[in-house]
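Q:
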Amino acid sequence: MRVLKRVKVAFAGDASVGKTSIIMKYLGVRDISQIRKTKGVSIENAKYAGTELIIWDFSGQEHFRDIIVPFLTGSHIVVLVFDLSETKTLYNLIDKWSEYVRKTLGSNIPTIIVGNKRDIKRLSDDFIQEAIQKIRKKINVLLYLETSAVTGEGISTLFDKLFQYAQAVQV
Amino acid sequence: MKDMPSNLAVIRCPKCGRLVKIPRIYASGIGGAKKLAVRHEKHFLIIGFDRYGIVRYTDSFDILSEPSFSDVVTLTCPQCKRLIAISSDISYGKFAIDHQDHVVLIYKAGNKIEFEVIDVIEPLKGPPEVGLIRKILRNITPNELASILMFILKQPETKIFVPASIIDDVKKLIRKLFGISAPNVEIGMPRVYPNEMTLDFFINKIEHVQHLSTEEAIEILRESFELISSLCDSITKIWRLYNIDEACKYLNQLKTSSKSLYNIVLELIRIKC
Chain Y
5 MRVLKRVKVA
15 FAGDASVGKT
25 SIIMKYLGVR
35 DISQIRKTKG
45 VSIENAKYAG
55 TELIIWDFSG
65 QEHFRDIIVP
75 FLTGSHIVVL
85 VFDLSETKTL
95 YNLIDKWSEY
105 VRKTLGSNIP
115 TIIVGNKRDI
125 KRLSDDFIQE
135 AIQKIRKKIN
145 VLLYLETSAV
155 TGEGISTLFD
165 KLFQYAQAVQ
175 V
Chain E
367 MKDMPSNLAV
377 IRCPKCGRLV
387 KIPRIYASGI
397 GGAKKLAVRH
407 EKHFLIIGFD
417 RYGIVRYTDS
427 FDILSEPSFS
437 DVVTLTCPQC
447 KRLIAISSDI
457 SYGKFAIDHQ
467 DHVVLIYKAG
477 NKIEFEVIDV
487 IEPLKGPPEV
497 GLIRKILRNI
507 TPNELASILM
517 FILKQPETKI
527 FVPASIIDDV
537 KKLIRKLFGI
547 SAPNVEIGMP
557 RVYPNEMTLD
567 FFINKIEHVQ
577 HLSTEEAIEI
587 LRESFELISS
597 LCDSITKIWR
607 LYNIDEACKY
617 LNQLKTSSKS
627 LYNIVLELIR
637 IKC
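The listed protein sequences derive, respectively, from chains Y and E. Convert by adding 4 to the 1-based position in the first sequence; the result is the number in this note's numbering. Convert by adding 366 to the 1-based position in the second sequence; the result is the number in this note's numbering.
1. Taking only beta-carbon atoms, is E:LEU374 less than 8 Å away from chain Y?
2. Who are the near neighbours of Y:THR93 in its chain, counting only those whose CB is closer than 7 Å to its CB and skipping five residues on each side?
3. Consult DSSP for Y:LEU162 and reduce its assignment to one of helix, strand or coil.
4. Leaving aside the five residues before and after Y:ASP123 along the sequence, list all residues of the same chain whose C-beta is less than 8 Å from its C-beta, in chain order.
5. In the DSSP output, which residue or residues are listed as bridge partners for E:ILE479?
6. Within its chain, find whatever has a CB closer than 6 Å to the CB of E:MET367; leave out the 5 residues flanking it on each side and keep chain order.
7. Cα separation between E:PHE544 and E:LYS525?
8. Using the three-state DSSP reduction, which class does Y:LYS12 fall into: helix, strand or coil?
9. Going residue by residue through the region 50 to 97 of chain Y, where are the continuous beta strand (DSSP E) segments of at least 3 residues, counting only ones entirely within it?
10. Using the beta-carbon count (16 or more within 10 Å), is Y:VAL175 buried or exposed?
11. For the alpha helix (DSSP H) that Y:ARG106 lies in, which residues bound it at each end?
12. Please report the residue range of the alpha helix (DSSP H) in which E:GLU407 lies.
13. For my contact list, Y:LEU57 and Y:VAL11 are in at a C-beta cut-off of 8 Å; report their separation, rounded to the angstrom.
14. So with CB distances below 8 Å, who are the chain E contacts of Y:GLU134?
15. Since E:ASP425 meets chain Y, which of its residues come closer than 8 Å, beta carbon to beta carbon?
16. Identify whether E:LEU627 lies in helix, strand or coil by the three-state DSSP scheme.
17. Strictly by DSSP, which residues pair up with E:SER426?
18. Give me the Cβ distance between E:GLU592 and E:ILE604, rounded to the nearest whole Å; I'm assuming they're in contact under 8 Å.
19. Leaving out the 5 sequence neighbours to the left and right, which residues in its chain are closer than 8 Å to Y:LEU147 when beta-carbon positions are compared?
20. Let me make sure I understand the geometry here. Which of Y:ALA135, Y:THR55, Y:THR161 has the alpha-carbon closest to that of Y:VAL173?
21. Taking a cut of 8 Å between CB atoms, which residues from the region 448 to 461 of chain E lie near chain Y?
22. Have a look at E:ALA451 and E:ASN477 and give me their C-alpha separation to the nearest angstrom.
23. Does any residue of chain Y bring its CB to less than 8 Å from the CB of E:CYS382?
24. Listing by chain order, which chain E residues have their CB less than 7 Å from the CB of Y:THR151?
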C-alpha cells in the first residue's frame with residue numbers, strides 16, 4: 005500500500021469570513037448556505053497523488069481564541085482567510101492572526117492569504133496590497149489569491165497550490 | 367416554534383466592560399451583520415447583529431480627534447459630506463471619527479484608507495434587565511447551575527433537581543441550550559456534579575453571561591457546548607488518523623491553554639471511548 009504523506013494545513017481568520025465554506029466547497033458540498041459556524045476546531049482531509057492534507061478549520065470567534073490558537077502547533081502550511089467585503093477581517097489578519105501564526109509557528113511558516121467573498125468584493129486592491137505588505141513583514145506569505153465559496157471561483161486554484169506546496173514540505 | 371428574541375439586547379463592551387442595553391436589529395442577508403455604534407467617552411463600541419437579531423460580535427474603536435495642523439490626508443464622509451482630516455503621521459491603525467449621529471470607522475494601511483459609516487445609537491437607560499440566567503442564579507449557585515449543565519452534557523436524559531420556583535426557567539434553559547423538547551427536571555435539591563474539576567469552565571461562563579440578555583447569554587453558552595463537542599470530535603479524529611500519542615499531544619495543548627476545558631473534554635472522551 006502506498007504510504008501517504010500527511011501535511012497539516014491550518015485555515016484561520018475571523019469568524020464568518022468563509023473558511024469552512026471554502027473547504028466544504030472543495031470537498032464537494034453544493035449548498036454552502038447550510039454550513040454552520042465552526043466552534044473550536046474541525047478536521048477534514050483531502051488526498052491527491054500520495055499526499056493527504058489534514059485540514060484544521062479553526063473557529064474565528066474571539067472568545068475561543070486563547071483556547072484554539074495553541075492547536076496551530078505542528079501546522080506545515082497556514083491559510084489565512086479574510087472577507088473581501090469586511091475591512092476589519094483583513095485588519096485582523098495584520099493585527100492578530102499573523103501575530104498568532106508568527107508566535108506559534110515562527111515567521112518562516114509558508115502562508116497563503118485568501119480574500120474570500122469575491123462575488124461581493126468591496127475592498128480596494130490598493131488597500132489589500134498595502135495590508136499584505138504589512139503581513140509579509142511578519143510571516144512568509146507565498147501567495148495571495150481571491151475566492152468565492154458561493155460561485156466556486158478560485159477554490160480549485162487554492163487547493164492545487166496547497167497540494168503543490170504540500171509536496172515540497174518536509175514532514 | 368422558534369422563540370422570538372426579546373426586543374432588547376444587553377451586552378458588555380469589550381473595552382471598558384460596561385453593560386449596554388439597546389434595541390435589537392436584524393441583518394438582511396446570510397453571513398452579513400447589521401452594525402450599530404455606541405459612544406463610550408474615548409471609544410465607540412461597535413455591535414454586529416445577525417439576521418436573527420442575535421449579537422454576533424462586538425468591537426471597539428478609539429475616537430480620533432482631527433488634527434488642527436500638520437500634514438493631513440482628507441476624505442469626505444459619505445453620509446454628511448463633511449471633510450475628514452487624518453494626520454499623515456499615522457501610517458497604520460484603526461480608529462473612529464465622531465460625527466454625532468453616525469461614526470466613520472477608518473482603517474489606515476500606509477497611505478491607503480478604507481472606511482465605513484455606522485449609525486450611532488443612544489443606549490437605553492433604566493433598571494437592568496433580568497435575563498434567564500440571572501433569574502435562575504437568584505435561586506441556585508453558579509456551582510449548582512454548572513453541575514446541571516455538566517450532568518446534561520454527559521447524559522442528556524439525566525434527571526435534574528431544582529427548587530420549584532425555577533423549574534420552568536431551568537426547563538426553558540435546557541430546551542434552548544440542548545434542544546431537548548421535554549427536559550427531565552423535577553423539584554428537589556440541586557445535585558453537585560461529582561467531578562468538580564470539570565465545573566470551573568461553566569462557572570466562569572455563567573458568571574460572564576449572567577447579566578446579559580437571555581438570547582446573548584444562551585448563544586455564548588451554546589457556543590461553549592459546541593466548542594466542547596468539536597474538541598472531543600477533533601481529538602478522537604486525530605486518534606483515528608494518527609495514534610493515541612498524537613491525540614494526547616493535542617490534549618496536553620488544551621491542558622496548557624485551558625485546564626478547566628481540558629477536564630471536561632477528558633471526562634467526555636473517557637465516556638465516549
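Every residue, glycine too, gets a C-beta built ideally from N, C-alpha and C.
A: So, from the listed chains and residues:
1. Position 8 of the second sequence, counted from the first residue, corresponds to residue 374 of chain E. False, the Cβ-Cβ gap to chain Y never drops below 8 Å.
2. Walking along the first sequence from the start, residue 93 of chain Y turns up at place 89. Hits under 7 Å: GLY17, ASP18, VAL21, PHE86, ASP87.
3. Counting from one through the first sequence, the residue named residue 162 of chain Y turns up at place 158. The answer is helix: DSSP assigns Y:LEU162 an H, G or I state.
4. For the purposes of this step, residue 123 of chain Y is taken as residue 119 along the first sequence, with counting starting at 1. SER152, VAL154, THR155, GLU157.
5. To locate residue 479 of chain E, count along the second sequence from 1; it is residue 113. DSSP, once it has assigned bridges, lists E:LYS474 as partnering E:ILE479.
6. Taking the second sequence and counting its residues from 1, the one referred to as residue 367 of chain E is at position 1. Below a pLDDT of 50, predicted positions are generally treated as unreliable, and E:MET367, at 45, falls in that range; no measurement from the model is reported.
7. As a position in the second sequence, residue 544 of chain E is number 178, starting the count at 1. As a position in the second sequence, residue 525 of chain E is number 159, starting the count at 1. Distance between the alpha carbons of E:PHE544 and E:LYS525 is about 15 Å.
8. As a position in the first sequence, residue 12 of chain Y is number 8, starting the count at 1. Residue state, collapsed to three classes: strand.
9. 55 to 62, 81 to 87
10. Counting from 1 along the first sequence, the entry for residue 175 of chain Y is found at position 171. When all chains shown are included, Y:VAL175 counts as exposed.
11. Translated into positions along the first sequence, residue 106 of chain Y becomes position 102. 102 to 109 is the span of the alpha helix (DSSP H), which, as asked, contains Y:ARG106.
12. Stepping through the second sequence from its first residue, residue 407 of chain E is reached at position 41. E:GLU407 -> no alpha helix (DSSP H), and no H or E assigned at all.
13. Position 53 of the first sequence holds residue 57 of chain Y. Position 7 of the first sequence holds residue 11 of chain Y. Indeed they touch by this definition, with Cβ atoms about 6 Å apart.
14. If you number the first sequence from 1, residue 134 of chain Y lands on position 130. By Cβ distance, chain E contributes ALA475, GLY476, ASN477, LYS478.
15. Within the second sequence, residue 425 of chain E is the residue found at index 59, counting from 1. Neighbours of E:ASP425 on chain Y, chain order: LYS92.
16. The count along the second sequence starts at 1 and reaches residue 627 of chain E at position 261. Helix, per DSSP.
17. On the second sequence, residue 426 of chain E is found 60 positions in, with the first residue counted as 1. According to DSSP, E:SER426 bridges with E:LEU411.
18. On the second sequence, residue 592 of chain E is found 226 positions in, with the first residue counted as 1. On the second sequence, residue 604 of chain E is found 238 positions in, with the first residue counted as 1. With 8 Å as the limit, E:GLU592 and E:ILE604 do not qualify as a contact, their Cβ atoms being about 18 Å apart.
19. If you number the first sequence from 1, residue 147 of chain Y lands on position 143. Counting only Cβ-Cβ distances below 8 Å, and skipping sequence neighbours, we find ILE116, ILE117, LYS165.
20. One-based indexing of the first sequence puts residue 173 of chain Y at position 169. For Y:VAL173, the nearest C-alpha among the options comes from Y:THR55.
21. TYR458, LYS460
22. Mapped onto the second sequence, residue 451 of chain E falls at position 85. Mapped onto the second sequence, residue 477 of chain E falls at position 111. Going by the C-alpha atoms only, they are around 13 Å apart.
23. As a first step, residue 382 of chain E is located in the second sequence; it is residue number 16 there, counting from the start. Chain Y contact via Cβ: absent.
24. Within the first sequence, numbered from 1, the residue matching residue 151 of chain Y stands at position 147. Chain E residues near Y:THR151: none, gap ~14 Å exceeds 7 Å.
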